[in-house]
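Let me begin by presenting the structure, written as structure tokens, before commenting on it.
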Amino acid sequence: MTIAKVYKIIGGKPAVGLPVRTQLDLHAAIQQGFRLQAAQHVKESLQLTEAELAQSLGVSAKTLQRIAKEDEPHLTAAMSDRLYRIARIMAFAQEVFENTERAYTWLREPQRGLGNRTPFSLLESEAGAREVEDLLGRLEYGVYT
1 MTIAKVYKII GGKPAVGLPV RTQLDLHAAI QQGFRLQAAQ HVKESLQLTE AELAQSLGVS
61 AKTLQRIAKE DEPHLTAAMS DRLYRIARIM AFAQEVFENT ERAYTWLREP QRGLGNRTPF
121 SLLESEAGAR EVEDLLGRLE YGVYT
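Mapped onto the UniProt record's numbering, the consecutive letters of the sequence shown carry residue numbers 1 to 145.
In structure tokens form, the structure reads like this:
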């Protein structure tokens, strides 16, 4: 998975606010805070509800509404980091399944290898995201147990 794929999932320069070519560029963009547009882009891609988006970013729906009313709506660094995590896993799933729709569907379906949890629900923490990455890696190499 490349930075370019993750950057595209987030919405590119219009959503991030900076050109991103390296992990350090991405780090700087996360620290600055992605534009709210990045969250909306991911929300539409995964067909999330406003409540699901808010939960995945670790905030309430009211907080997102408040951010949307700002002159230049930006996510916090913590919310941007969570959004990056989601985009990183989405990019990996696209790579494994070689099909965007199948990847997005897989993220929303309970998986036996994750204790019948949906991969998306585990993306709220780095530990959960690593479990999802591990399962995707096993699927990619046919080592699914």
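Even for Gly, the Cβ is constructed at its ideal location relative to N, Cα and C. Keep in mind it's a predicted model, so treat the numbers as computed, not measured.
According to DSSP, is residue i helix, strand or coil?
i: Arg112; result: helix
i: Arg21; result: coil
On a Cα-Cα basis, can you pick out the residue from the options that is closest to residue i?
i: Leu64; options: Glu50, Asp71, Glu72 and Gly142; result: Glu50
i: Ile9; options: Gln37, His27, Glu124 and Gly33; result: Gln37
i: Glu126; options: Arg88, Gly115 and Pro110; result: Arg88
i: Asp71; options: Ser56, Phe92, Arg35 and Val42; result: Arg35
i: Leu53; options: Tyr141, Glu124 and Gly142; result: Glu124
i: Phe120; options: Val143, Arg85 and Thr100; result: Arg85
i: Ala58; options: Leu75, Glu44 and Ala93; result: Checking the sequence shown, residue 58 turns out to be Gly, not Ala. Among Leu75, Glu44 and Ala93, the Cα nearest to that of Gly58 belongs to Leu75.
i: Ala15; options: Met90, Ala129, Arg66 and Ala29; result: Ala29
Roughly how far, in whole angstroms, is the beta-carbon of residue i from the beta-carbon of residue j, given that I think they are within contact range, below 8 Å?
i: Glu131; j: Leu122; result: 6 Å
i: Gly33; j: Ala77; result: 6 Å
i: Val42; j: Leu107; result: Wrong, their Cβ atoms sit about 11 Å apart, outside the cutoff.
What separation, rounded to the nearest whole angstrom, lies between the Cα atoms of residue i and residue j?
i: Phe97; j: Ala103; result: 6 Å
i: Ser56; j: Ser80; result: 11 Å
i: Gln40; j: Pro73; result: 12 Å
i: Ala4; j: Leu114; result: 28 Å
To which residues does DSSP link residue i through a beta bridge?
i: His74; result: Arg35
i: Arg117; result: Gln111
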